[in-house]
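Numbering (the numbering used here), first residue to last: 48 to 496. A short worksheet on the structure shown next.
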Amino acid sequence: MSNSKGTTPVAPIPISRKPAPQTTGQTPPGSKTACIRTFGCQMNVHDSDRIRRMIQDSGYAEVQRYEDADLVILNTCYVRENAVDRVKGHLGELNRLRREGRVKKVALTGCIGAAEEARSLERTYNIDLVLGTHNTYELAEFVGLPTMRETYTPELPGTEGEHSAFVTIMTGCNYQCSYCIVPTVRGRMMCRPLDAVVSEVENLVAGGTNYVTLLGQTVDAWRHGGKRFCDLLEAISEVAPRVWFTTSHPSNMEDRTLRAIGERDTIVKRLHLPVQSGSDRMLKLMHRGYKAERYRRKIEVFREAAQGGTLSTDIIVGHPGETEEDHEQTLKLVKDCAFDSAYIFKFSPRRGTEAAGLPGTVPDRVVQRRFLEVLRRVEQNGFERNQRKVGGVEEIYIRHGSTDDGKAIGETWSGHAVHVNSGADPGTYVTATIGSAGPHVLYARDPSG
Ligand code: SAM
Ligand code: SF4
């Protein structure tokens, strides 16, 4: 699962995307076409849904290939340098297609659009429109709609008829982690009122949505009108048939939220709680605001409250100043917490962040070794924990319907990803026994009934 760029999503559970009306070059003559490419996290996937709505509202048909598109929108990520390199590759290709007259206009949106570097990219690649995360709604005007800020901001009314949907409850971030560009490109935290979120979810559910994912950079930091995240989560768990949330910050994670995950039937028993490092010295240098021991205690509460649930994390290896001793402490924490999966990142210096100017650069070969050591330990944990599920009967939510090989991808209530032979529709449940397991996924026997 590792890739050479150092980003390792271990055991990712695919997130459903809104299937847009699509064409593959078969659009009626004269109709406008647009292609959207999304890079990065769920927030960006959700922002792309908002963009998709704008282009549909202004009469564009969505196409999948650049060469079929009048307008190409790259909705981008700036968190690590390899994400920027990928986007540059796409921009180079688009420049060529535009010179050949096969693409008319190119827009760059998202986190790169909000960064200083966007200006030089705009010049180098002749980009027609650059928008950051705060003014994405201006795309509306670019595609010929009146600029309706409120229509295309996070206060987006629910999309009806979808089996699964993202709901942004907060934007931005008030932390200042040494390595992270997010506060620069996404701004300070802004939380939506509880009532607005609840009524959006009610609309979604009335329109056929069965699975709601609450989104935010530090989702558990949500607070509004004297209410805290747990109040919101409990309110949503009353109105949605299935709910999950990401991403949480350990400093904001309350024990009562962890207990609610275990107690409430409609909440998926899956926690993503990024730790970043197992060393207190590194956590301090990173300005994470907690010590490893406090993190461990949170995990104990979660394991107790949601027995058999899944736990994932984010870990950065090779942050400036990371010693062998720090790395050993990370390995120990990984073992103690027995993560089911982890996203492991090689430190990537981002201009404008504190860590980019810190001494103590860790040599590449050391970073690579540490990366593999953490990866192996996470995979070993994942494999051992997944083995315990074999023989158990699970109610599986179908996230992605079966492909040509007849296999659908689902998710158990414990948050495990499962491959299952089933023609069931996305958004429905099947019951099946787990026949075998790998480090990243469970494999079900043929479903009953
Ligand atoms: N808000 C979340 C939190 O604090 O845990 C994380 C959001 S960030 C977009 C996702 C992950 O990217 C982080 O948890 C971190 O592990 C990783 N990341 C962020 N900046 C990075 C950098 N400069 N180099 C390597 N990994 C980075
Ligand atoms: Fe970045 Fe830290 Fe904010 Fe997460 S909490 S988005 S890592 S600054």
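Glycine residues also receive a C-beta, built at the ideal position from the N, C-alpha and C atoms. No experiment lies behind these values; they were computed from the predicted model shown.
Using beta-carbon positions only, say whether residue i and residue j come within less than 8 Å of one another.
{"i": "residue 466", "j": "residue 456", "result": "yes"}
{"i": "residue 288", "j": "residue 304", "result": "no"}
{"i": "residue 296", "j": "residue 225", "result": "no"}
{"i": "residue 311", "j": "residue 284", "result": "yes"}
{"i": "residue 339", "j": "residue 359", "result": "no"}
{"i": "residue 83", "j": "residue 109", "result": "yes"}
{"i": "residue 421", "j": "residue 370", "result": "no"}
{"i": "residue 348", "j": "residue 278", "result": "no"}
{"i": "residue 213", "j": "residue 89", "result": "yes"}
{"i": "residue 232", "j": "residue 161", "result": "yes"}
Whole angstroms is fine: what's the gap from residue i's alpha carbon to residue j's?
{"i": "residue 491", "j": "residue 448", "result": "15 Å"}
{"i": "residue 299", "j": "residue 267", "result": "6 Å"}
{"i": "residue 386", "j": "residue 318", "result": "10 Å"}
{"i": "residue 483", "j": "residue 390", "result": "23 Å"}
{"i": "residue 356", "j": "residue 398", "result": "38 Å"}
{"i": "residue 105", "j": "residue 191", "result": "6 Å"}
{"i": "residue 222", "j": "residue 436", "result": "37 Å"}
{"i": "residue 388", "j": "residue 294", "result": "15 Å"}
{"i": "residue 169", "j": "residue 176", "result": "8 Å"}
{"i": "residue 55", "j": "residue 418", "result": "For residue 55, the predicted structure reports a pLDDT of 39, less than 50, and the residue's modelled location is therefore unreliable. A value from the coordinates is still provided. Taking the straight line from one Cα to the other gives about 9 Å."}
{"i": "residue 438", "j": "residue 259", "result": "29 Å"}
{"i": "residue 403", "j": "residue 410", "result": "15 Å"}
{"i": "residue 186", "j": "residue 140", "result": "22 Å"}
{"i": "residue 121", "j": "residue 78", "result": "21 Å"}
{"i": "residue 282", "j": "residue 182", "result": "30 Å"}
{"i": "residue 324", "j": "residue 256", "result": "37 Å"}
{"i": "residue 230", "j": "residue 252", "result": "32 Å"}
{"i": "residue 461", "j": "residue 412", "result": "37 Å"}
{"i": "residue 172", "j": "residue 119", "result": "13 Å"}
{"i": "residue 441", "j": "residue 401", "result": "46 Å"}
{"i": "residue 486", "j": "residue 280", "result": "30 Å"}
{"i": "residue 208", "j": "residue 415", "result": "Unreliable placement is indicated for residue 208, whose pLDDT of 48 sits below 50; the coordinate value is still reported in the next sentence. So the alpha carbons of these two residues sit roughly 45 Å apart."}
{"i": "residue 309", "j": "residue 100", "result": "36 Å"}
{"i": "residue 459", "j": "residue 477", "result": "10 Å"}
{"i": "residue 220", "j": "residue 320", "result": "16 Å"}
{"i": "residue 493", "j": "residue 452", "result": "14 Å"}
{"i": "residue 407", "j": "residue 331", "result": "15 Å"}
{"i": "residue 217", "j": "residue 271", "result": "10 Å"}
{"i": "residue 189", "j": "residue 254", "result": "30 Å"}
{"i": "residue 372", "j": "residue 428", "result": "21 Å"}
{"i": "residue 469", "j": "residue 479", "result": "10 Å"}
{"i": "residue 85", "j": "residue 166", "result": "20 Å"}
{"i": "residue 375", "j": "residue 163", "result": "37 Å"}
{"i": "residue 346", "j": "residue 352", "result": "10 Å"}
{"i": "residue 430", "j": "residue 350", "result": "17 Å"}
{"i": "residue 111", "j": "residue 273", "result": "45 Å"}
{"i": "residue 434", "j": "residue 361", "result": "23 Å"}
{"i": "residue 405", "j": "residue 234", "result": "23 Å"}
{"i": "residue 204", "j": "residue 337", "result": "In this predicted model, residue 204 has a pLDDT of only 45, less than 50, meaning its place in the structure is not dependable; the value taken from the coordinates is given anyway. Between residue 204 and residue 337, the C-alpha separation is close to 36 Å."}
{"i": "residue 211", "j": "residue 142", "result": "36 Å"}
{"i": "residue 184", "j": "residue 450", "result": "35 Å"}
{"i": "residue 242", "j": "residue 102", "result": "28 Å"}
Quick test of your reading: residue i and residue j, contact by CB under 8 Å. State the CB separation rounded to the nearest angstrom.
{"i": "residue 384", "j": "residue 328", "result": "Not really, about 19 Å apart at Cβ, beyond 8 Å."}
{"i": "residue 474", "j": "residue 443", "result": "Incorrect: roughly 12 Å between the Cβ atoms, too far for contact."}
{"i": "residue 123", "j": "residue 87", "result": "7 Å"}
{"i": "residue 381", "j": "residue 424", "result": "5 Å"}
{"i": "residue 291", "j": "residue 315", "result": "4 Å"}
{"i": "residue 126", "j": "residue 228", "result": "6 Å"}
{"i": "residue 488", "j": "residue 464", "result": "5 Å"}
{"i": "residue 107", "j": "residue 81", "result": "4 Å"}
{"i": "residue 150", "j": "residue 174", "result": "Actually they do not touch by this definition, with Cβ atoms about 12 Å apart."}
Within 8 Å, do at least three Cβ pairs link the region 144-163 to the region 89-97?
These segments touch.
Query - Residues proximal to ligand 1 by C-beta, any heavy atom closer than 7 Å - result: Going along the chain, the residues that qualify are 88, 126, 127, 220, 222, 224, 226, 227, 228, 229, 264, 265, 294, 296, 321, 323, 361, 362, 363, 390, 392, 393, 394, 395, 396, 397, 400 and 402.
message = I want to know whether the region 247-260 touches the region 143-152 - three or more CB-CB distances under 8 Å.
response = The region 247-260 vs the region 143-152: no contact.
Could you say if the region 254-269 and the region 231-238 meet the contact criterion of at least three C-beta pairs nearer than 8 Å? Cβ pair count under 8 Å is three or more, so yes.
message = Counting beta carbon pairs with one atom in the region 364-377 and one in the region 392-409, are three or more of them shorter than 8 Å?
response = Yes, the region 392-409 is in contact with the region 364-377.
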